[in-house]
Structure formats: structure tokens, C-alpha cells
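J.: Same order as they appear, the protein sequences are chains A and B. In this text, residue positions in the first sequence follow the working numbering: the first is 1, and each later residue adds one. In this text, residue positions in the second sequence follow the working numbering: the first is 1001, and each later residue adds one. Here's a structure for you.
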Amino acid sequence: NAGVTQTPKFRVLKTGQSMTLLCAQDMNHEYMYWYRQDPGMGLRLIHYSVGEGTTAKGEVPDGYNVSRLKKQNFLLGLESAAPSQTSVYFCASTGTLSGNTIYFGEGSWLTVV
Amino acid sequence: GQSLEQPSEVTAVEGAIVQINCTYQTSGFYGLSWYQQHDGGAPTFLSYNALDGLEETGRFSSFLSRSDSYGYLLLQELQMKDSASYFCAVRGGDNTDKLIFGTGTRLQVFP
């Protein structure tokens, strides 16, 4: 019973490098979200998706891109990483059959040097 | 835009009762939910209010008043393990499917 799985869990990038974070859920959820959380701060919505093939901007979308080619996967891309993108990234999902519970992945710690 | 404001920190002693408030600026949302997050961990779901009033789940209760744009989380019989950050969140506000979180409240429980 995996729930929401994020990979990788830890990554160090050099400024200007690109990378992709993968979020996979096995609950057939329609809605998926990507957040960043800086130390001592709340969760800020980067992008979200309401279904396969759809994406939409959240509160802090600049510098990030996303794709939802398959219902179970939601990818977050950094095309040219910057030190300001050093953060913990959380993926979350929910669906019409999960009630109102939001399920989170364990987080991905990203450091850009 | 949507915003949810919470006190930054609350302290209490074991066995006490504490209330964490959430005031919001949004409209048309599906409901107000609450999450707990321990240091280094992921948020976990605690409670949800679709309608105005009180919802009780064990030691935790949550309240919503849409007319006052206000909600709160009530934690009873506090335990040391309740020391964590607590976030309120709304989904569906402003005619979107965004899930927006509050600023967060750090609860410290002392013996």
C-alpha cells in the first residue's frame, strides 16, 4: 500500500542544472499538487492538476514546469535551478472517492549550490 | 488571491486544552481542513469541516463559521507528542481547485 511516493528524496544540484521530481500515487486520484516548503514556513502551491493531461499554475509557479501524462504520475521540472529553489518539495493527491483527505508524499529535499 | 492566517506560535502544558485559529479570505470553497506536521515529516490529515459547526475526532475537534470567515482546531488533553506545526487549508476557493494552506502554527507542549 504505497500511497504517494516521491523520488528522489534528496538531491544536490549546481546552479543552472535541470532536474525532474517524480510523484506517483496508486489511489487513482484525480487531483495532484506540488508544494514547496522553506524552513519554518508554510506550504506554497507551485502547480496542480485536476486530471490526466491537465495542469494549472499555483501561487509560486515561476521557474517550474509540470506534466501529467499519466493519471498516476505528476512530474515537477526545474529547467535551470537557482539557489532560491533550495527547499523541501511535497507532492499531494486526493480524489472524489477519498473523501476530503489529502495524502502527502514524504518530501524531496533539494539543495541548489 | 486567497489567504489563510494563523498565529505563528502557541504554547501549552500537558493535559491542557489549546485552540488554534484560522481566519481566511476566500469564497466558494468546499471545506476547511487541518493538518499536523512534525519536524522533518510530511503533513498528515487531522480533520475536515464541510459545513458550519463542530466536528469531533477523538482529542481533536474542528470548527467552521463561513459567515465569520473563521475556523479553529481544538486540541484536548494535550500530550508531548502533539508538539508540531498545524496548518489549516481550503480547496476549491475562488472557483479553482487549488488547495491553499495557512501560514501555520507551531505548538509547543511543555511537561
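We treat Cβ as the ideally placed atom computed from N, Cα and C, and that holds for glycine. Every value quoted in this text rests on a predicted model; they were computed, and no experiment measured them.
Output the boundary residues of the beta strand (DSSP E) element that contains Phe1045(B).
T.: Indexing the second sequence from 1 puts residue 1045(B) at position 45. Residues 1044-1049.
J.: If we call anything under 7 Å between Cβ atoms a contact, is Ser93(A) one with Gln17(A)?
T.: Within the first sequence, the letter at position 93 stands for residue 93(A). Within the first sequence, the letter at position 17 stands for residue 17(A). No, the Cβ-Cβ distance between Ser93(A) and Gln17(A) is not below 7 Å.
J.: In angstroms, rounded to a whole number, what distance separates the CA positions of Arg1059(B) and Cys1088(B)?
T.: Position 59 of the second sequence, counted from the first residue, corresponds to residue 1059(B). Position 88 of the second sequence, counted from the first residue, corresponds to residue 1088(B). Their backbone Cα atoms lie some 17 Å apart in a straight line.
J.: Output, in sequence order along the chain, the residues in the segment 24-41 of chain A whose CB is closer than 7 Å to any CB in chain B.
T.: Tyr31, Tyr33
J.: Measuring only the C-alpha atoms, how far is His1038(B) from Lys1081(B)?
T.: The sequence position of residue 1038(B) within the second sequence is 38, counting from 1. The sequence position of residue 1081(B) within the second sequence is 81, counting from 1. Distance between the alpha carbons of His1038(B) and Lys1081(B) is about 9 Å.
J.: Please compile the residues from chain B whose C-beta is within a distance smaller than 9 Å of the C-beta of Ile102(A).
T.: As a working mapping, residue 102(A) is identified with position 102 in the first sequence. Within 9 Å Cβ-Cβ: Ser1033, Tyr1035, Pro1043, Phe1045, Ala1089, Arg1091, Leu1099.
J.: With 7 Å as the limit, tell me which residues of the segment 61-90 of chain A have their beta carbon closer than that to any beta carbon of chain B; keep them in chain order.
T.: Phe90
J.: Hey, how far is the Cα of Leu45(A) from the Cα of Trp34(A)?
T.: One-based indexing of the first sequence puts residue 45(A) at position 45. One-based indexing of the first sequence puts residue 34(A) at position 34. One C-alpha to the other measures close to 6 Å.
J.: Secondary structure at Gln85(A), three-state DSSP: helix, strand or coil?
T.: In the first sequence, counting from the first residue as 1, residue 85(A) sits at position 85. Reduced to three states, the DSSP call for Gln85(A) is helix.
J.: Just by C-beta distance, which residues in the segment 1043-1070 of chain B are closer than 8 Å to chain A?
T.: Correct list: Pro1043, Thr1044, Phe1045, Tyr1048, Ala1050.
J.: Using only CA atoms, which one of Thr1057(B), Gly1053(B), Gln1019(B), Phe1110(B) lies nearest to Gly1031(B)?
T.: If you number the second sequence from 1, residue 1031(B) lands on position 31. It is Gly1053(B) whose Cα lies nearest to the Cα of Gly1031(B).
J.: Is the beta carbon of Arg36(A) closer than 7 Å to that of Tyr89(A)?
T.: Taking the first residue of the first sequence as position 1, residue 89(A) is located at position 89. Taking the first residue of the first sequence as position 1, residue 36(A) is located at position 36. It is a contact, given that the beta carbons lie within the stated cut-off.
J.: Measuring only the C-alpha atoms, how far is Leu1075(B) from Leu69(A)?
T.: The sequence position of residue 1075(B) within the second sequence is 75, counting from 1. The sequence position of residue 69(A) within the first sequence is 69, counting from 1. Distance between the alpha carbons of Leu1075(B) and Leu69(A): 41 Å.
J.: In or out: Ile1100(B) buried (at least 16 other Cβ within 10 Å) or exposed?
T.: Along the second sequence, one-based indexing puts residue 1100(B) at 100. Counting Cβ neighbours within 10 Å, Ile1100(B) comes out buried, since at least 16 surround it.
J.: Using C-beta distances below 6 Å, list every residue in its chain close to Tyr48(A), excluding the 5 sequence neighbours before and after it, in chain order.
T.: As a position in the first sequence, residue 48(A) is number 48, starting the count at 1. Taken in chain order, the residues that qualify are Tyr33, Ala56, Gly58.
J.: Return the CA-CA distance between Thr1013(B) and Thr20(A), expressed in angstroms with no decimal places.
T.: In the second sequence, the residue the question calls residue 1013(B) occupies position 13. In the first sequence, the residue the question calls residue 20(A) occupies position 20. Before going on, a small fix: residue 1013(B) reads as Val here, not Thr. Distance between the alpha carbons of Val1013(B) and Thr20(A) is about 44 Å.
J.: Select from Lys14(A), Gly95(A), Cys23(A) the residue whose C-alpha is nearest the C-alpha of Pro8(A).
T.: The count along the first sequence starts at 1 and reaches residue 8(A) at position 8. Here the closest residue by C-alpha is Cys23(A).
J.: Using the beta-carbon of each residue, which ones in chain A are nearer than 9 Å to Thr1103(B)?
T.: Within the second sequence, the letter at position 103 stands for residue 1103(B). The contacting residues are Met41, Gly42.
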